[in-house]
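Notes follow the structure.
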Amino acid sequence: MSTVPPSTPPPPHVEKMRAENLGAKFPDAVALRGITMPVIEHKVTAVIGPSGCGKSTFIRCLNRMHEVVPGATTSGDVLLDGKSIYGSAVDPVGVRRKVGMVFQKPNPFPEMSVRDNVLSGLRLNGIRPASPDVVVEAALTQAAMWDEMRDSLDRPGGSLSGGQQQRLCIARCLALEPEVILMDEPCSSLDPIATARIEELIHDLRERYTIVIVTHSMQQAARVSDLTAFFYLGELVEYGLADVLFTRPEDPRTEEYITGRFG
Amino acid sequence: MSDAARVRTLASRRASESFVRGLAAGVTALTVVGLASVLFSVVGYGARGLSMTTLTALPRPAGVPGGGVANAIVGTLLLVALACAIALPVGLLAGIHLAEARTGKLVRLARTAADALAAVPSVVFGIFVFGVLVAWMKHFSALAGGAALALTMIPTVTRATEVAVRAVPERLREAALALGATRHRVIAQVVLPSAARGIATGVLLAVGRAAGEAAPLLFTAWESRFFCDDLREPTASLPVSIFTYTISPYDDLHAQAWAAALVLVSLVLVFQVTARLLSKRRDDVS
Amino acid sequence: MSRNANVNANANANANVNANANATSGVVFARVLRGIAQLASASLLVLLLALFAYLAKQSRMSVEVFGLGFLAGTEWDPLHARFGALPFLFGTILSSVLALAIALPGGFLVAIYVAELGPRRTRGPVGALVEMLAAVPSVVYGMWGVLVLAPLLRGTGARGPTQGVSMLAASLVLALMVLPTIAAVMRDVLLAVPQNLREAGTALGGTRWEVLRHVVIPHARAGLFAATMLGFGRAVGETMAVTMVIGNSAEISASLFAPGYTAASVLANEMPQASDPLHASALYEVALVLLVVTVLFNLGAHGVVRRYLRRKAAGLSTGPAEGELGPSP
């Protein structure tokens, strides 16, 4: 059992989300057990841990994507702005509108144009913006790709490079003006240059959004995150300020992991 | 952005979803009932008309009890076997060739021809064989029937084989080629074994389809009241017997038509279910 | 050719002598195999051309006598040797269009129920049933139409021995027959849409229906179109089921309750008995028209699908790979 460790950042901070004794199961395996941790507004929270530690499952519980997998269930609770997102009256569709997600493999809609990809989230939510061009430009600008894309808005999303595809997915997510953005190893299929651009982008986005990023790279976690959580075997081992966790870990398992003795 | 935007409430979006889901469920239920009634009729009436006599006796004229469709059962099996003997070598070889050769003028044309042939109504194949083979032999014959069924099978088998062979991952071929194997050895020892299940599925589906065809047999295999002991003679078959019995005005022949239909549907479903199981197990492996 | 034979002879002579010869005979063997395979592929082309050529040759007399008027002629009278194919074209097109009008929306809804919207537990059994029914021979559907459906429709049409058999009965039976095919193919097409695109749509906050409508269906467009064309082709070429319930009357009637006739049915009914050469030739011409229509239609549909896929492929150098779902890292 992990409780909030003493090394949570000092106030003032606002809890944007909070996992309460969160558990998650697949039909044949338990993925998460008793996770309790806050997600702080306008901070970047990195979730690290060895393969199979449940870190991806964790963020998929934060926007109710976990239950999309047949037979997958959750227990405990997740709060968004202090309100449960698992309440019986809560529609998961509404939750996902506020808590956006970027996946491990870039998944733009391949035959939709860049423009339509950006607008697809709105269309999926039954929203017809009055001035779509403004939305497209704003989202692509925020995703730091307006300048390279402004003349290629009609190219199909699938024709972009891997890094561009991933930034397009981020732009698509931003167009919905979410409050929280979950990123599931967003750079794992990208080259170092594309990775650096995404990391820069994450840095900039922190001003307006709350970000939770899963990564298997400790260097990346150290570079982009304000807070870091270390998961091991489906449990939260340690959670705290990134520079503290990486320099003076409290738990021996964390220390072993960050010094590269396992994982 | 959302100032002037048209926004639908979540409730109304969920309502559309429920509407479509309800509509789909309703239509599906209706379809299942409609189609199940076809199956139930076949099983219900068929079981009533089915007896040992039906399976083992030869046909008798309407009004004379004790008739059966034994010769039609044997005839159908015979015709399907003949059709396989003709269609499988051609279809399998062509399918493998199209998949492995990939490009070239012949391949492109043959692929288009396979697509086109798959669309040809089976009755047209029947007419073709009638005009060519039956007219030449001056005789309806089991041979002609088998040939007509074979023509309906060839495009299906070709395309199924091509798809199955193409689905074999390129890295398997490359691995074998890198070990110094010749092209035909790679195909025989690496590609075909891993495509075997897919090919078998396609063949079974084609055979099932052919077994139920009546149109190409009407003017090739024709009909017969006896067992077929010479491939140059006409033969009865289940689909054609069902057809002629059904359009006759006699109730006892209708009963035999139902029984024959039950036998035919069971036969076809055996092929269908086997094919399904085969392809399913392949999915599990991958 | 003769060079091949030479190599072959040499190879055979040396086969047991040295290993080198083994390689040579292997090359020859491979060449022979390839030749046989090429022959098999070529035979498809030959078969298609032979079909056209044969039917064209046999219909020559009819073409010479009636010209293009054959397609517009409304009278089909073997006794007085007057042959016009319009009633069959009319019947074929009308029955197929009506059948598709029922089977297309029906099959599509069944497919989205089985592939996307239905509860997981019912999807498998319903899908299996639909697949099974797609395999039931058409002669059985026709029998069901004559012995079960037609008595139910009795009293709706003309009195007399043809009671219950009509254009309507034929269209209904055709629809019932084609629907499982359309549903089964469309289901496979929908299921082939990569899972990661569905996930993307779901994570953006779409409901199942919205994801289906805005992501899955647009992505599967070409396949859905192909499934429709397949169903239509089936309906146009279907012989037995239609012959048994349409009433086989070569008259163009505005009433769906009146009997009709289709191209495939007239072939089935009159072909073997046509002893008069002009009658036979007219039937061959009907077959030729049926062949041309179905083949062109099918190739046209293939062309549309292929062009669509190529456009898609051209735009997609690095399309996202198959999505993964399940226990994550």
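Just so you know, the sequences run in chain order A, B and C. So for the first sequence, our numbering puts the first residue at 3; every next one is plus one. So for the second sequence, our numbering puts the first residue at 184; every next one is plus one. So for the third sequence, our numbering puts the first residue at 27; every next one is plus one. Note that CB positions come from ideal geometry on N, CA and C, so glycine has one too.
{"Item": "Burial state of G186 (chain C) (16 or more Cβ within 10 Å)", "Value": "Its pLDDT being 45, under 50, G186 (chain C) is placed unreliably in this model, and the value from its coordinates should be taken loosely. So G186 (chain C) counts as exposed."}
{"Item": "First through last residue of the beta strand (DSSP E) which encompasses S77 (chain A)", "Value": "75 to 82"}
{"Item": "Alpha carbon of K45 (chain A) to alpha carbon of K18 (chain A), nearest angstrom", "Value": "10 angstroms"}
{"Item": "Cβ-based contacts, 8 angstroms cut-off: residues of the segment 234 to 257 of chain C near chain A", "Value": "E236, V237, H240, V241, P244, H245"}
{"Item": "Between the CA atoms of K107 (chain A) and G262 (chain A) - distance to the nearest angstrom", "Value": "26 angstroms"}
{"Item": "G165 (chain A) at chain E interface by Cβ criterion, 8 angstroms", "Value": "Within the model displayed, chain E is absent; protein chains A, B and C are what it includes."}
{"Item": "Any chain B beta carbon closer than 8 angstroms to Y287 (chain C)", "Value": "no"}
{"Item": "Under 8 angstroms by beta carbon: chain C residues contacting E200 (chain B)", "Value": "T233, R234, W235, E236"}
{"Item": "Beta-carbon neighbours of G273 (chain C), restricted to chain A and to distances below 9 angstroms", "Value": "Going along chain A, no residue has its Cβ under 9 angstroms from G273 (chain C), so there is no contact; the nearest lies around 47 angstroms."}
{"Item": "Per DSSP, cross-strand counterpart(s) of A148 (chain A)", "Value": "The sequence given here has Trp at residue 148 (chain A), not Ala. For W148 (chain A), which the question treats as bridged, DSSP gives no partner whatsoever."}
{"Item": "Residues that F402 (chain B) bridges to, as DSSP identifies them", "Value": "According to DSSP, F402 (chain B) bridges with nothing at all."}
{"Item": "DSSP-derived helix/strand/coil call for L316 (chain B)", "Value": "helix"}
{"Item": "Enclosing alpha helix (DSSP H) for E200 (chain B) [first to last residue]", "Value": "193 to 232"}
{"Item": "Within chain B, the residues that H305 (chain C) reaches when beta carbons sit closer than 7 angstroms", "Value": "Within 7 angstroms Cβ-Cβ: nothing; H305 (chain C) doesn't reach chain B, min ~14 angstroms."}
{"Item": "DSSP-derived helix/strand/coil call for G102 (chain A)", "Value": "strand"}
{"Item": "CA nearest to the CA of V303 (chain A), picked from A:R66, A:S191, A:G78, A:V116", "Value": "Residue coverage of chain A in this structure runs from 3 to 265, which leaves residue 303 (chain A) outside it and unanswerable."}
{"Item": "For V226 (chain A), the three-state DSSP class (helix, strand or coil)", "Value": "helix"}
{"Item": "Nearest-angstrom Cα separation, counted from T59 (chain A) out to I50 (chain A)", "Value": "12 angstroms"}
{"Item": "Proximity of L281 (chain B) and L71 (chain C) at Cβ, strictly below 8 angstroms", "Value": "no"}
{"Item": "Close beta carbons around T427 (chain B), own chain, < 7 angstroms, minus the five adjacent residues each side", "Value": "E406"}
{"Item": "Interface partners of R197 (chain B) on chain A, CB under 9 angstroms", "Value": "D93, V95"}
{"Item": "Whole-angstrom distance between C175 (chain A) and Y211 (chain A), CA atom to CA atom", "Value": "11 angstroms"}
{"Item": "Burial state of Q221 (chain A), where buried means 16 or more other Cβ atoms lie within 10 Å", "Value": "exposed"}
{"Item": "Extent of the continuous beta strand (DSSP E) run through F28 (chain A)", "Value": "17 to 28"}
{"Item": "8 angstroms Cβ shell around T144 (chain B) - same chain, five flanking residues per side excluded", "Value": "In the structure as shown, chain B begins at 184 and stops at 469. Residue 144 (chain B) is therefore absent and cannot be evaluated."}
{"Item": "F111 (chain A) to V165 (chain C) span [Cα, whole Å]", "Value": "44 angstroms"}
{"Item": "Helix, strand or coil at G36 (chain A) according to DSSP, with G and I counted as helix", "Value": "strand"}
{"Item": "Own chain residues within Cβ distance below 6 angstroms of L238 (chain C), not counting five before or after", "Value": "E142"}
{"Item": "Beta carbon of V140 (chain C) nearer than 8 angstroms to that of L175 (chain C)", "Value": "no"}
{"Item": "Beta carbon proximity, L155 (chain A) to chain C, threshold 8 angstroms", "Value": "no"}
{"Item": "Distance, G128 (chain A) Cα to G232 (chain C) Cα", "Value": "8 angstroms"}
{"Item": "Cβ neighbours of M185 (chain A) in the same chain (closer than 6 angstroms, five flanking residues each side left out)", "Value": "V104, I215"}
{"Item": "Counted within 10 angstroms of its Cβ, other Cβ atoms place V80 (chain A) as buried (16 or more) or exposed", "Value": "buried"}
{"Item": "Residues of its chain near A98 (chain C), where Cβ-Cβ distance is below 8 angstroms and the 5 sequence neighbours each way are ignored", "Value": "G110, L112"}
{"Item": "Proximity winner among A:Q144, A:S154, A:V116, relative to G199 (chain A) (alpha-carbon distances)", "Value": "The amino acid occupying residue 199 (chain A) in the given sequence is Arg; Gly does not appear at that position. If we check each option's Cα against that of R199 (chain A), A:Q144 comes out closest."}
{"Item": "Neighbour list for R146 (chain C) in chain A, Cβ cutoff strictly below 7 angstroms", "Value": "P72"}
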